[in-house]
Amino acid sequence: MKGPLFYSKILLFGEYGIIKDSKGLSIPYNFYNGALKKDNNLSKEAKASNESLKRFADYLSNINKDLVAFDIDALNQDIEQGMFFDSSIPQGYGVGSSGALVAAIYDKYADEKITVLENLTRDKLLKLKAIFSEMESFFHGKSSGLDPLNSYLSLPILINSKENIEATGIPTQSTDGKGAVFLLDSGVVGETAPMVSIFMENMKQEGFRNMLKDQFIKHTDACVEDFLKGDIKSLFKNTKQLSKVVFNHFKPMIPAQFHELWKKGLETNDYYLKLCGSGGGGYILGFAPDFKKAEEALKDYKLEVVYNF
Numbered sequence: 003m004k005g006p007l008f009y010s011k012i013l014l015f016g017e018y019g020i021i022k023d024s025k026g027l028s029i030p031y032n033f034y035n036g037a038l039k040k041d042n043n044l045s046k047e048a049k050a051s052n053e054s055l056k057r058f059a060d061y062l063s064n065i066n067k068d069l070v071a072f073d074i075d076a077l078n079q080d081i082e083q084g085m086f087f088d089s090s091i092p093q094g095y096g097v098g099s100s101g102a103l104v105a106a107i108y109d110k111y112a113d114e115k116i117t118v119l120e121n122l123t124r125d126k127l128l129k130l131k132a133i134f135s136e137m138e139s140f141f142h143g144k145s146s147g148l149d150p151l152n153s154y155l156s157l158p159i160l161i162n163s164k165e166n167i168e169a170t171g172i173p174t175q176s177t178d179g180k181g182a183v184f185l186l187d188s189g190v191v192g193e194t195a196p197m198v199s200i201f202m203e204n205m206k207q208e209g210f211r212n213m214l215k216d217q218f219i220k221h222t223d224a225c226v227e228d229f230l231k232g233d234i235k236s237l238f239k240n241t242k243q244l245s246k247v248v249f250n251h252f253k254p255m256i257p258a259q260f261h262e263l264w265k266k267g268l269e270t271n272d273y274y275l276k277l278c279g280s281g282g283g284g285y286i287l288g289f290a291p292d293f294k295k296a297e298e299a300l301k302d303y304k305l306e307v308v309y310n311f
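Set out below in structure tokens:
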């Protein structure tokens with residue numbers, strides 16, 4: 003048995019902000035993917051995945067049946083027969099490793115599932131998001147459901163607000179443009195739950211809440227609009243502002259060894275860094291008006307281009 007492939011995702015804009023109704027833009031990232039497989043001879047990694055699936059199946063058997071029901075018997079039977087999630091998506095890197103797994107399980111075992119081939123109305127998208135949020139909470143404690151949604155649909159998703167999401171098109175990549183969005187490998191695994199609890203703790207302070215609304219969300223929304231319109235000049239202006247706000251107010255989410263590098267980008271304008279997912283490690287997202295310059299400035303690090311302007 004080998005199931006269909008589900009891809010990783012990148013939340014270009016909206017990390018943390020979408021918790022408080024900012025806009026967000028999430029795109030599939032086909033460089034990494036995962037699929038359900040079965041094998042009699044399980045490697046160490048596959049065995050660990052199989053064990054985790056057992057716990058996940060128990061969790062799903064108690065999920066709200068009005069929201070979603072699964073063929074738990076079939077799922078347990080497949081797990082007994084050595085099913086695991088074979089994935090190249092790095093865990094703790096902010097590119098949606100648990101999201102792809104959730105999408106794969108829903109796709110194979112959900113009763114009356116909403117399929118990608120249907121006319122995806124806003125209600126259907128919100129229902130899928132609610133289902134995925136409930137499923138993915140097993141891994142993160144609290145999940146928006148966006149990662150699995152992105153993985154399941156394999157389409158860019160525009161988040162207008164919590165109750166208003168839509169599949170969207172993004173401008174075609176330029177093959178000869180100089181600018182790029184890239185991933186910088188921090189070499190450290192990040193954990194979502196502790197980062198989110200730092201954020202929630204900060205949200206208790208009025209000053210932080212005001213900063214979020216007046217600066218962070220303002221620039222995030224502008225970045226999303228610029229990106230979708232293809233207004234590159236304005237996009238870099240707003241990304242720089244966003245990078246600055248994150249540097250000043252989200253320091254705990256930036257691994258300490260990257261503080262100087264972050265600042266250097268803001269000073270030289272060779273690149274602007276921002277969080278990819280919840281931060282704390284994993285990938286850092288970079289935006290460069292001229293990727294060659296960024297590459298030179300960051301030559302000691304592993305970079306992967308995600309999108310060319």
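Those letters in the sequence shown? Residues 3 to 311, by my numbering. For glycine and all other residues, C-beta sits at the position ideal for the given N, C-alpha and C.
{"Item": "Collapsed DSSP secondary structure at I116 in the structure displayed", "Value": "coil"}
{"Item": "Bridge partner(s) assigned by DSSP for Y309", "Value": "V183"}
{"Item": "Closest by C-alpha distance to F229, when choosing among L103, I74 and T241", "Value": "T241"}
{"Item": "Per DSSP, the bridge partner or partners of M85", "Value": "K40"}
{"Item": "Three-pair Cβ contact test at 8 Å for the region 90 to 101 versus the region 39 to 55", "Value": "no"}
{"Item": "Under the three-state DSSP convention, the category S51 falls into", "Value": "helix"}
{"Item": "Whole-angstrom distance between F238 and K180, CA atom to CA atom", "Value": "13 Å"}
{"Item": "Closest by C-alpha distance to S236, when choosing among G84, E208 and A224", "Value": "A224"}
{"Item": "Contact the region 18 to 27 vs the region 155 to 165: 3+ CB pairs below 8 Å", "Value": "yes"}
{"Item": "Residues near N42 by beta carbon distance below 7 Å, same chain, minus five either side", "Value": "G84"}
{"Item": "I29 - DSSP class collapsed to helix/strand/coil", "Value": "strand"}
{"Item": "Same chain, Cβ closer than 8 Å to G171, five either side skipped, listed in chain order", "Value": "P158"}
{"Item": "Three-state secondary structure (DSSP) of A290", "Value": "strand"}
{"Item": "Rounded straight-line distance, which links the Cα of D75 to that of L186", "Value": "42 Å"}
{"Item": "Pair within 8 Å by beta-carbon distance, Y9 and A102", "Value": "yes"}
{"Item": "Closest Cα partner of T174 within the set Y309, C278, K295 and E82", "Value": "Y309"}
{"Item": "At least 3 beta-carbon pairs within less than 8 Å: the region 240 to 255 vs the region 210 to 218", "Value": "yes"}
{"Item": "Length at least 3, wholly inside the region 148 to 184: the beta strand (DSSP E) runs in chain order", "Value": "159 to 163 and 166 to 169"}
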